[in-house]
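Engineer:
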Amino acid sequence: MDKQRILKEAQKIATKFSFWMVSGNIEHLFGYVYESSEGKYELEIKFDDDFPYSPPSLIYHKEIMELLGDIRLEAEKNWSENSSALEMLQELKTKIKHSLSIPEEEEVPPISPISEDLNFSDDNIAEKSVETDGDEEESTEKEEKEEKYITPDMSAYPPEFEYEQFVSPTESQENLFSEEDSDDTNIKNYDTETDELISQEAPKLTEPELFADHEQTSVALNTEIGLIQQEYAYDQKSNKKGDLNIYLTITLAKTFIININFINYPTRPIVNVPEEAYNLIGDAYQKLEVLRNWNVKRPSHIVDILHELENKLFFIKDIEQESKKILGEYQCDITSDDVTKLQVHLVTYGFKEYLMDVNLESHPKPPIINMSPQLQQIILTPLAELKSYRNWFDGESEPVEIIRELAWLVDKNSRINFEIELLKEHYKEIEYNTSTSILNVNMKGKMKTQDLMFQFQIDLPTEYPMKVPSIKIINEFELESHEKIKEDLQSSFKNFFDDWSPFSYLVDLFNAISKKIFEVSVVSCVICHKIDCPTCSLKIAGPEQETCHTDCPYCER
Numbered sequence: 011m012d013k014q015r016i017l018k019e020a021q022k023i024a025t026k027f028s029f030w031m032v033s034g035n036i037e038h039l040f041g042y043v044y045e046s047s048e049g050k051y052e053l054e055i056k057f058d059d060d061f062p063y064s065p066p067s068l069i070y071h072k073e074i075m076e077l078l079g080d081i082r083l084e085a086e087k088n089w090s091e092n093s094s095a096l097e098m099l100q101e102l103k104t105k106i107k108h109s110l111s112i113p114e115e116e117e118v119p120p121i122s123p124i125s126e127d128l129n130f131s132d133d134n135i136a137e138k139s140v141e142t143d144g145d146e147e148e149s150t151e152k153e154e155k156e157e158k159y160i161t162p163d164m165s166a167y168p169p170e171f172e173y174e175q176f177v178s179p180t181e182s183q184e185n186l187f188s189e190e191d192s193d194d195t196n197i198k199n200y201d202t203e204t205d206e207l208i209s210q211e212a213p214k215l216t217e218p219e220l221f222a223d224h225e226q227t228s229v230a231l232n233t234e235i236g237l238i239q240q241e242y243a244y245d246q247k248s249n250k251k252g253d254l255n256i257y258l259t260i261t262l263a264k265t266f267i268i269n270i271n272f273i274n275y276p277t278r279p280i281v282n283v284p285e286e287a288y289n290l291i292g293d294a295y296q297k298l299e300v301l302r303n304w305n306v307k308r309p310s311h312i313v314d315i316l317h318e319l320e321n322k323l324f325f326i327k328d329i330e331q332e333s334k335k336i337l338g339e340y341q342c343d344i345t346s347d348d349v350t351k352l353q354v355h356l357v358t359y360g361f362k363e364y365l366m367d368v369n370l371e372s373h374p375k376p377p378i379i380n381m382s383p384q385l386q387q388i389i390l391t392p393l394a395e396l397k398s399y400r401n402w403f404d405g406e407s408e409p410v411e412i413i414r415e416l417a418w419l420v421d422k423n424s425r426i427n428f429e430i431e432l433l434k435e436h437y438k439e440i441e442y443n444t445s446t447s448i449l450n451v452n453m454k455g456k457m458k459t460q461d462l463m464f465q466f467q468i469d470l471p472t473e474y475p476m477k478v479p480s481i482k483i484i485n486e487f488e489l490e491s492h493e494k495i496k497e498d499l500q501s502s503f504k505n506f507f508d509d510w511s512p513f514s515y516l517v518d519l520f521n522a523i524s525k526k527i528f529e530v531s532v533v534s535c536v537i538c539h540k541i542d543c544p545t546c547s548l549k550i551a552g553p554e555q556e557t558c559h560t561d562c563p564y565c566e567r
């Protein structure tokens, strides 16, 4: 980096435009490329390590960006080692005036080149002004007048940043361009007046107050605070400028208070986020690219940190929408400190209630769900095996779909358990396989001659009770007559399932089966087989005079 060249560039710029150093840094300038009664067009200039081989960086403030939009400068495009930053500013000023429809003014003759014989000390970069040697009284038309040139004081502040109290010693040390008048008497008088002013004010101020005043008058801090103020509301946290509590509003119901301390700008600021925001984005210094790649020589604006943080937190709007969908269908408890966490209540048969904690912070990925032990026992299915989990698409699927499937499993399995309890009240031999959803029921047929055991297998579909279950008799009978009973029972199944609805119950089916078994067993034993009574040898069923009237010791008929 050629500091002498940068110094000359700064001098040239100061002769045409109102520019100042930022925090006494000659490599960072701030000023107005154009001023009018309607407003001022602010600009920052940063000279990097490659200057003059590469052009300086121009940082356009809001007014210029809104006026010109995408800015492309020919002077920047055609930059060479011998180019000047002043050319870029003049071209930019022309573009601004053209956009404002302001006619071009007559050009002022260029200022004579700055002497190449300027001396620079190691302790500070200060320049003595070039003075004219001619005598006005002896000058003639043949003699060439030399223009008197005074180096502008770039450490001075714009009018809106001036304070009437005093000049800080620190500020005077940062002034790399000191004015020197040719009149020694004026210099002495000025120094005397300055010393008197400082001596009068010094007893009233302590050392911390002097440094505090320097912070208040820092152009860099004022610039950063001004950029923040354009977009965000904030409070001063302490009496130091640059220590702010900034209100970051994401939704109508959610605002984060972000503390940023940048009193030592351009060093990396101290950023403190609330715990809820930390849980959402993690460590700000690792997750935010602006902070992670902070460069002291070319620092980003503080408002850039807020922009990136806002984008990171903006997905809370999506979380609120997903949360509202769940709240619209299920009873939920909301954690006031964290919008991503819900406790969902699932109410099912018999008003039994099951709880689960749903965390939406992983959105748009599947939610994190913690189920109570009772809920795990009733659904009997791992979360990863749920259809809604297996078919999840980031950005398309919704958390409420998983809640619906879980609620469906709770209702389905609660219904099945309820039906099994009803069956057990009437039938003892019942077995249900939860993995296969198959129900086995053994039922005895009360025959006149002997008891038969009927083994029923009921296959419950996944969509039960919305879909009809299937039932079959799995045991075989030796007698042909018994096989006929089996066929009659199968036909009764069909009649029952023709009228099936989600409000039908398996216990009703088995009650119908029990009646059918009794009907076919009586007809089969008495009519078809014409069994004789073992006591009187008469037909159990027959004409009145040939019918047995002996009471059976077994069935008491």
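Residue numbers (the working numbering): 11 to 567. No residue lacks a Cβ here, since even glycine has one placed at the ideal position from N, Cα and C. Small disclaimer: the values here were computed from a predicted structure and weren't measured.
(1) Taking Cβ positions, are Val-354 and Ile-336 nearer each other than 8 Å?
(2) Could you name the residues that DSSP lists as bridge partners for Thr-243?
(3) Measure the C-alpha to C-alpha separation of Asp-245 and Asp-404 and round it to an integer number of angstroms.
(4) Can you tell me which of Ile-16, Asn-255, Ile-106, Glu-431 puts its alpha carbon nearest to the alpha carbon of Leu-83?
(5) Just how far apart, CA to CA, sit Lys-504 and Ser-480?
(6) Hey, would you say Leu-516 sits closer than 8 Å to Leu-433, going by beta carbons?
(7) Return the first residue and the last residue of the alpha helix (DSSP H) that Glu-568 is part of.
(8) Is the separation between the beta-carbon of Ile-77 and that of Ser-109 shorter than 8 Å?
(9) Taking DSSP's pairing of strands, which residues face Leu-605 in a bridge?
(10) In whole angstroms, give me the CA-to-CA distance for Gln-296 and Phe-266.
(11) Which whole-angstrom value is the C-beta distance of Asp-469 and Ile-448, which I expect to be below 8 Å?
(12) Using only the alpha-carbon positions, how far apart do Lys-250 and Tyr-364 sit?
(13) Considering Val-354, what are the terminal residues of the alpha helix (DSSP H) in which it resides?
(14) Helix, strand or coil, according to DSSP, for Asp-328 in the structure here?
(15) Just how far apart, CA to CA, sit Asn-521 and Asp-328?
(16) On the CB-based measure, 16 or more other CB atoms within 10 Å of its CB, does Ile-280 come out buried or exposed?
(17) Can you find the residues in the same chain that come closer than 8 Å, C-beta to C-beta, to Ile-339, ignoring five residues on each side of it along the sequence?
(18) Let me confirm a value: His-38 is counted as buried when at least 16 other C-beta atoms fall within 10 Å, else exposed. Which label applies?
(19) In or out: Thr-233 buried (at least 16 other Cβ within 10 Å) or exposed?
(20) Can you tell me which of Pro-392, Leu-258, Leu-262 puts its alpha carbon nearest to the alpha carbon of Ile-270?
(21) Buried or exposed for Ile-23, going by 16 or more other Cβ atoms inside 10 Å?
(22) Nearest-angstrom Cα distance between Ser-93 and Thr-104?
(23) Quick check on DSSP: helix, strand or coil for Ser-248?
(24) Hey, Asn-485 and Gln-465: beta-carbon distance below 8 Å or not?
(25) Considering Ser-424, what are the terminal residues of the alpha helix (DSSP H) in which it resides?
(26) Measure from the alpha carbon of Ile-16 to the alpha carbon of each residue in Asp-59, Tyr-44, Val-43, then state which is nearest.
(27) When you compare only the Cα positions, how much space is there between His-436 and Lys-454?
(28) To which residues does DSSP link Ile-270 through a beta bridge?
Structural biologist: Taking the definition as stated:
(1) Walking along the sequence shown from the start, residue 354 turns up at place 344. Walking along the sequence shown from the start, residue 336 turns up at place 326. Cβ distance < 8 Å, so Val-354 and Ile-336 count as in contact.
(2) Residue mapping note: residue 243 aligns to position 233 of the sequence shown, counting from 1. Looking at the sequence provided, one finds Ala at residue 243 rather than Thr. Looking at the DSSP assignment, Ala-243 forms a beta bridge with Tyr-257.
(3) Taking the sequence shown and counting its residues from 1, the one referred to as residue 245 is at position 235. Taking the sequence shown and counting its residues from 1, the one referred to as residue 404 is at position 394. About 39 Å.
(4) Counted from its first residue, the sequence shown places residue 83 at position 73. Nearest option by C-alpha distance: Ile-106.
(5) Here residue 504 refers to the residue found at position 494 when the sequence shown is read from its first residue. Here residue 480 refers to the residue found at position 470 when the sequence shown is read from its first residue. Computed Cα separation, rounded: 10 Å.
(6) The residue given as residue 516 occupies position 506 in the sequence shown. The residue given as residue 433 occupies position 423 in the sequence shown. Yes, these two residues count as a Cβ contact at 8 Å.
(7) Nothing in the structure corresponds to residue 568, since the chain is present only between 11 and 567.
(8) Taking the sequence shown and counting its residues from 1, the one referred to as residue 77 is at position 67. Taking the sequence shown and counting its residues from 1, the one referred to as residue 109 is at position 99. The amino acid occupying residue 77 in the given sequence is Leu; Ile does not appear at that position. Cβ distance < 8 Å, so Leu-77 and Ser-109 count as in contact.
(9) Here the chain comprises residues numbered 11 to 567, so residue 605 is not present and cannot be evaluated.
(10) Here residue 296 is taken as the residue at index 286 of the sequence shown, counted from 1. Here residue 266 is taken as the residue at index 256 of the sequence shown, counted from 1. Cα-Cα distance, rounded: 19 Å.
(11) Working through the sequence shown from its first residue, we reach residue 469 at position 459. Working through the sequence shown from its first residue, we reach residue 448 at position 438. About 6 Å; that satisfies the 8 Å criterion.
(12) What you label residue 250 is simply residue 240 of the sequence shown in a count that begins at 1. What you label residue 364 is simply residue 354 of the sequence shown in a count that begins at 1. Distance between the alpha carbons of Lys-250 and Tyr-364 is about 54 Å.
(13) Walking along the sequence shown from the start, residue 354 turns up at place 344. Note, Val-354: premise wrong, no alpha helix (DSSP H); beta strand (DSSP E) at 351-357.
(14) Numbered from its first residue, the sequence shown carries residue 328 at position 318. Correct three-state label for Asp-328: helix.
(15) For this step, residue 521 is matched to residue 511 along the sequence shown. For this step, residue 328 is matched to residue 318 along the sequence shown. Approximately 53 Å between the Cα atoms of the pair.
(16) For the purposes of this step, residue 280 is taken as the residue at position 270 of the sequence shown. Classification for Ile-280: exposed.
(17) For the purposes of this step, residue 339 is identified with residue 329 of the sequence shown, where counting begins at 1. Per the sequence presented here, residue 339 reads as Glu, with Ile not at that position. For Glu-339, where only same-chain residues beyond five positions count, the Cβ hits under 8 Å are Val-410, Ile-413, Arg-414.
(18) As a first step, residue 38 is located in the sequence shown; it is residue number 28 there, counting from the start. Buried: at least 16 other Cβ atoms inside 10 Å.
(19) On the sequence shown, position 223 is the one that residue 233 refers to. Thr-233 should be labelled buried.
(20) Numbered from 1 along the sequence shown, position 260 holds the residue referred to as residue 270. Closest option to Ile-270, Cα to Cα, is Leu-258.
(21) In the sequence shown, counting from the first residue as 1, residue 23 sits at position 13. Flag for Ile-23 reads buried.
(22) Within the sequence shown, numbered from 1, the residue matching residue 93 stands at position 83. Within the sequence shown, numbered from 1, the residue matching residue 104 stands at position 94. Approximately 18 Å between the Cα atoms of the pair.
(23) Within the sequence shown, the letter at position 238 stands for residue 248. In this structure, Ser-248 counts as coil in the three-state DSSP scheme.
(24) Here residue 485 refers to the residue found at position 475 of the sequence shown. Here residue 465 refers to the residue found at position 455 of the sequence shown. In this structure, Gln-465 lies closer than 8 Å to Asn-485 by Cβ.
(25) Sequence index remark: in the sequence shown, residue 424 carries index 414 (1-based). Run containing Ser-424: 409-434, per the alpha helix (DSSP H) assignment.
(26) Against the sequence shown, residue 16 aligns to sequence position 6. Residue Asp-59 is the option with its Cα nearest to Ile-16.
(27) By one-based count along the sequence shown, residue 436 stands at place 426. By one-based count along the sequence shown, residue 454 stands at place 444. Spanning the two alpha carbons is a distance of roughly 12 Å.
(28) Counting from one through the sequence shown, the residue named residue 270 turns up at place 260. Bridge partners of Ile-270: Leu-254, Val-281.
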